[in-house]
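For reference, the structure is listed below as structure tokens.
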Amino acid sequence: MVYTADTDPLCYPGTTVLRNILDLRTQDELDEYELAVFLTRSDEPWPPGELDYVHYLALHHHLFQDVYEWAGQVRTIRIGKGGNWFCYPEYIDGEMRRIFGELEETGHLVGLEARDFALKAAHLLAEINAVHPFREGNGRTQLAFLSVLAENANLPFHDDVLDRQRVIGAMVESFSGSEAPLAQLIYEIVSPDL
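Okay, here's the thing in structure tokens:
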């Protein structure tokens, strides 16, 4: 689904194709390159960090540094999907600092059973998703951060459970206020019984 956006200086004029390092001008070419680079960067060690907002920005940069000059930087325009607007740019930093402050207060979800981890992680991801801090790559960065959180909490991360449509559906449901599908998906991802 294409984002709805205010006039976007990050897109090539007259298109919805984001300006990119390789200067790819069609969405299909950009999508193909972005996926290839994302998969390559996902196989590399994650950047070290404190599971905080700065670390989250570093994860986005790591994943998309070969595609966008602005990788790891917060968006500056208003965007939405499916008729719903995400957090306005002027509030992103404050909201992300609040969200990551709450995560720190929980001890980064360490020591929780898989079910409790899933419930709290679903709320965390739902909040980050509602903010949508980046112009592109939000969902993939959320999943990368989830894998780092799971590893930090000594829980497995069964990425074979990930189905694109199911993930998108769960995120849309969480945006509408129902975190249960996302919590169930995360439980399946981190359950030691699988």
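For the sequence shown, position 10 (counting from the first letter as 1) is numbered 203 according to my numbering, and the numbering increases by one without interruption.
Glycine residues also receive a C-beta, built at the ideal position from the N, C-alpha and C atoms.
Here DSSP, grouped into helix, strand and coil, assigns residue 270 to coil. Residue pairing by DSSP puts residue 211 in a beta bridge opposite 204. Beta-bridge analysis with DSSP links residue 278 to 273. With a 10 Å radius around the Cβ and a threshold of 16 neighbouring Cβ atoms, residue 246 comes out buried. With respect to the C-alpha of residue 303, the residue from 285, 267, 324, 344 having the closest C-alpha is 344. Annotated three-state conformation of residue 320 is helix, per DSSP. Listed in chain order, the alpha helix (DSSP H) elements of length 4 or more contained wholly in the region 291-375 are 307-324, 331-345, 357-368. Taking C-alpha positions only, residue 342 is separated from residue 312 by approximately 13 Å. Note that the C-beta distance between residue 241 and residue 289 is not below 7 Å. One Cα belongs to residue 280, the other to residue 362, and the distance between them is close to 20 Å.
Annotation for residue 218: 205, 208, 210 place their beta carbon closer than 8 Å to its own, counting only its chain and skipping 5 residues before and after. Nearest neighbour of residue 378 by Cα position, chosen from 266, 329, 308, turns out to be 308.
At the C-beta level, residue 252 and residue 301 stay beyond 7 Å of one another. Classified as exposed, residue 200 has fewer than 16 neighbouring CB atoms from the shown chains inside 10 Å of its CB.
Apart from sequence neighbours up to five positions away, the residues of its chain that approach residue 285 with a beta-carbon distance below 8 Å are 267, 268, 324, 326, ordered along the chain. Rounded to the nearest whole angstrom, the C-alpha separation of residue 214 and residue 223 is 10 Å. Going by C-alpha positions, residue 231 is about 29 Å away from residue 371.
With respect to the 7 Å criterion, residue 254 and residue 265 are classified as neighbours on the basis of their beta carbons. Taking the CA atoms as reference points, residue 261 sits about 16 Å from residue 270. Annotation for residue 258: no alpha helix (DSSP H) segment contains it, and DSSP assigns it neither H nor E.
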